[in-house]
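Residue numbers (our numbering), protein chains in the order written: chain V, 749 to 1006; chain Y, 4 to 348.
Yeah, the Cβ is synthetic: ideal placement off N, Cα and C, and Gly gets one too.
Below is one structure, written out as structure tokens; comments come after it.
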């Protein structure tokens, strides 16, 4: 079942074209890894699909033009984790995560339901933040802040998760924990994940599909093993990616043999 | 950090209200003619409930006709400016923003200066020329600022709004200087007015301020959750489902209307909208459901005390209230800024 269909997506900033006629679709339970070198247009693609920036082309969610969704309706279906966050005021972790339920509490007088509280509690627990719920976000490390906003997106309970470098600030333990968590989350009904990643090993390990971008155009797309062929990767990155990966891995093999 | 409740609780409203009333009684009682606190309370009470004022009170007119309307106007202007400051700091995610960041405050001042310099009056309402011109220019300024911002950036990003507000304020202040140059006989009047003054405020002014604050205050308070989202980040606000363009327009228009009315009655009074929300945030936290109601009370208390200093410090000479707020505000702001920065390190 197709959840998201993108046709002829183009984004221009002034006279510069950032994305050129990109087409892709995301099916139920797919994890689409958007990869490519710097400046390929990966974050722009996330920003366009999430309606944060203007674009030309057509994006349909469940067969309906995404522009026709109201902000709250869209937020109930599409959750976005940005690349980095900066905070200026001492909100608590709990307050930030609770804002994830905004789309479900329409009026100023509407009370948070038991379901809201449960989603917030579970999001804090899944991201290992229960103990930090009352801490000011100004005192958090980069990784803790990243997890706070991930918890907010999980509390938002969307159908499609859009993650821009979700493991950016995370140590190895949390990288594994968060990626496993997203993999389990993905098993639910009508769910999908679109994430931008730089680490091709992580992309290969967790993705089901991939969209390989280079200078705003799609080099390849489809199932992850097809896209991650030497021909496609070498073309996009202009280096022998497989040789580089083998080289990196061999350092660890060397340690084992010692 | 201990988590504070999401909303302002009834007892908290009561504590702030009692503090505000105590300061109001103090400010009405102290002045060139001192009045016992008991007499002040009696006059206020009897006036509210339409009871006759006892004969043994020596100077009821000082309280009823002169000080009470002035102090009420000061409290309402303080509450309004502080509420606007709190809302703008949240909307723009910028702790240095306040109502005047938009440039509407400067625009309203220009209107009033033109009215004073050219003696513009409203037929049958000669006293209202300055007020009408200030409100008209506040509204025109908002239209100009929003049109320019839209032209530059359709999404009305916060940076665009701040930039246009600053440029517009500078442009307007140069026009004001030009007008002052060509109206030397009005310099004293204009200068005193641009530094802010609420002396001679009437119950009519208080009624206008009260009605505007009730309407605009209700609109701003109704956007508390959206302002929380904006204070965390505009992009994040959009992703969690906030209609960012609509909320921005609602807040900008409401803040402009409130600032326009305040400036039209009390002139330019700086730093109240900047400093009070900072102090209040330290007490009740950054959540706008608590911050905005507390800012209303905090602003009223701050401006009433500043007005008391302005009236009594060099008695019988009265200082412009804007000068006092800027002096106190600037020092307080440096202290607060230093403390919060040190705490974050």
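Nonlocal neighbours in the same chain, by C-beta distance under 8 angstroms from residue i, ignoring five residues either side
| i | result |
| --- | --- |
| residue 5 of chain Y | Because residue 5 of chain Y sits at a pLDDT of 43, beneath the cut-off of 50, its placement in the model cannot be relied upon, and the following sentence gives the value as read from the coordinates. There are no such residues. |
| residue 954 of chain V | 779, 781, 927, 930, 931 |
Contact list for residue i against chain V, beta-carbon separation under 9 angstroms
| i | result |
| --- | --- |
| residue 228 of chain Y | 847, 850, 853, 856 |
| residue 162 of chain Y | What residue 162 of chain Y touches in chain V: nothing, since even the nearest Cβ is about 14 angstroms away. |
7 angstroms Cβ shell around residue i - same chain, five flanking residues per side excluded
| i | result |
| --- | --- |
| residue 102 of chain Y | 84, 87, 88, 91, 108, 258, 262, 276 |
| residue 205 of chain Y | 72 |
| residue 784 of chain V | 790, 960, 961, 962, 984 |
| residue 914 of chain V | 829, 898, 926, 943 |
| residue 119 of chain Y | 133, 189, 192, 193, 196 |
| residue 321 of chain Y | 202, 313, 314 |
| residue 279 of chain Y | 85, 88, 298, 301, 302, 305 |
| residue 707 of chain V | This structure leaves residue 707 of chain V out entirely; chain V is present only between 749 and 1006. |
Distance, residue j Cα to residue i Cα
| i | j | result |
| --- | --- | --- |
| residue 802 of chain V | residue 765 of chain V | 13 angstroms |
| residue 248 of chain Y | residue 986 of chain V | 42 angstroms |
| residue 156 of chain Y | residue 170 of chain Y | 16 angstroms |
| residue 93 of chain Y | residue 329 of chain Y | 22 angstroms |
| residue 241 of chain Y | residue 338 of chain Y | 34 angstroms |
| residue 238 of chain Y | residue 193 of chain Y | 43 angstroms |
| residue 777 of chain V | residue 749 of chain V | 9 angstroms |
| residue 295 of chain Y | residue 308 of chain Y | 20 angstroms |
| residue 981 of chain V | residue 273 of chain Y | 59 angstroms |
| residue 993 of chain V | residue 793 of chain V | 26 angstroms |
| residue 45 of chain Y | residue 25 of chain Y | 14 angstroms |
| residue 755 of chain V | residue 808 of chain V | 9 angstroms |
| residue 788 of chain V | residue 976 of chain V | 16 angstroms |
| residue 797 of chain V | residue 773 of chain V | 12 angstroms |
| residue 281 of chain Y | residue 753 of chain V | 47 angstroms |
| residue 148 of chain Y | residue 17 of chain Y | 39 angstroms |
| residue 335 of chain Y | residue 757 of chain V | 52 angstroms |
Proximal chain C residues relative to residue i, where beta-carbon distance stays under 7 angstroms
| i | result |
| --- | --- |
| residue 96 of chain Y | Protein chains V and Y are contained in the structure displayed, whereas chain C is not. |
Chain V contact residues for residue i, given Cβ-Cβ distances below 8 angstroms
| i | result |
| --- | --- |
| residue 238 of chain Y | 800, 830 |
| residue 231 of chain Y | 839, 843, 847 |
| residue 234 of chain Y | 836, 837, 839 |
Minimum C-alpha distance to residue i - residue among the options
| i | options | result |
| --- | --- | --- |
| residue 267 of chain Y | Y/141, Y/306, Y/214 | Y/141 |
| residue 12 of chain Y | Y/334, Y/293, Y/306 | Y/293 |
| residue 810 of chain V | V/751, V/770, V/848 | V/751 |
| residue 201 of chain Y | Y/136, Y/270, Y/134, Y/145 | Y/270 |
| residue 938 of chain V | V/966, V/769, V/825, V/922 | V/825 |
| residue 123 of chain Y | Y/189, Y/219, Y/23 | Y/189 |
| residue 134 of chain Y | Y/185, Y/326, Y/111 | Y/111 |
| residue 925 of chain V | V/900, V/852, V/876, V/970 | V/876 |
| residue 965 of chain V | V/786, V/774, V/762 | V/786 |
| residue 298 of chain Y | Y/148, Y/114, Y/220, Y/250 | Y/220 |
| residue 179 of chain Y | Y/310, Y/114, Y/289 | Y/114 |
| residue 104 of chain Y | Y/51, Y/173, Y/138, Y/340 | Y/173 |
| residue 845 of chain V | V/831, V/815, V/878 | V/878 |
| residue 199 of chain Y | Y/323, Y/181, Y/36 | Y/323 |
Interface residues of chain V facing residue i [CB-CB closer than 7 angstroms]
| i | result |
| --- | --- |
| residue 245 of chain Y | 819, 850 |
| residue 289 of chain Y | 837, 838, 839 |
Residue i: contacting residues in chain Y (beta-carbon distance under 8 angstroms)
| i | result |
| --- | --- |
| residue 871 of chain V | Ordered by position in chain Y, no residue passes the 8 angstroms Cβ test against residue 871 of chain V, which lies about 13 angstroms from the chain. |
| residue 865 of chain V | By Cβ distance, chain Y contributes nothing, its closest Cβ being about 12 angstroms from residue 865 of chain V, past 8 angstroms. |
Interface residues of chain Y facing residue i [CB-CB closer than 9 angstroms]
| i | result |
| --- | --- |
| residue 823 of chain V | 241, 242, 243, 244, 245 |
| residue 774 of chain V | Within chain Y, no residue comes near residue 774 of chain V; the closest Cβ sits about 18 angstroms away, beyond 9 angstroms. |
| residue 925 of chain V | Per Cβ cutoff of 9 angstroms: no residues; residue 925 of chain V is ~23 angstroms from chain Y at best. |
| residue 904 of chain V | 242, 243, 244 |
| residue 990 of chain V | Within chain Y, no residue comes near residue 990 of chain V; the closest Cβ sits about 37 angstroms away, beyond 9 angstroms. |
| residue 954 of chain V | Under the 9 angstroms cutoff, chain Y gives no residues; its nearest Cβ is about 22 angstroms from residue 954 of chain V. |
Own chain residues within Cβ distance below 6 angstroms of residue i, not counting five before or after
| i | result |
| --- | --- |
| residue 1044 of chain V | The displayed coordinates of chain V run from 749 to 1006. Any statement about residue 1044 of chain V would go beyond what the structure contains. |
| residue 131 of chain Y | 125 |
| residue 209 of chain Y | 72, 75, 76 |
| residue 19 of chain Y | 300 |
| residue 881 of chain V | 841, 842, 872 |
| residue 15 of chain Y | none |
Residues bridged to residue i [DSSP beta-bridge criterion]
| i | result |
| --- | --- |
| residue 812 of chain V | V/809 |
| residue 781 of chain V | V/943, V/958 |
| residue 753 of chain V | V/773, V/808 |
| residue 765 of chain V | V/760 |
| residue 908 of chain V | V/826, V/940 |
| residue 971 of chain V | V/957 |
| residue 840 of chain V | V/884 |
| residue 966 of chain V | V/961 |
Contacts that residue i makes with chain Y (C-beta to C-beta distance below 7 angstroms)
| i | result |
| --- | --- |
| residue 843 of chain V | 290 |
| residue 922 of chain V | Near residue 922 of chain V there are no residues of chain Y at all, since even the closest Cβ is about 21 angstroms away, more than 7 angstroms. |
| residue 809 of chain V | Those do not exist, as residue 809 of chain V stays about 15 angstroms from chain Y at its closest Cβ, beyond 7 angstroms. |
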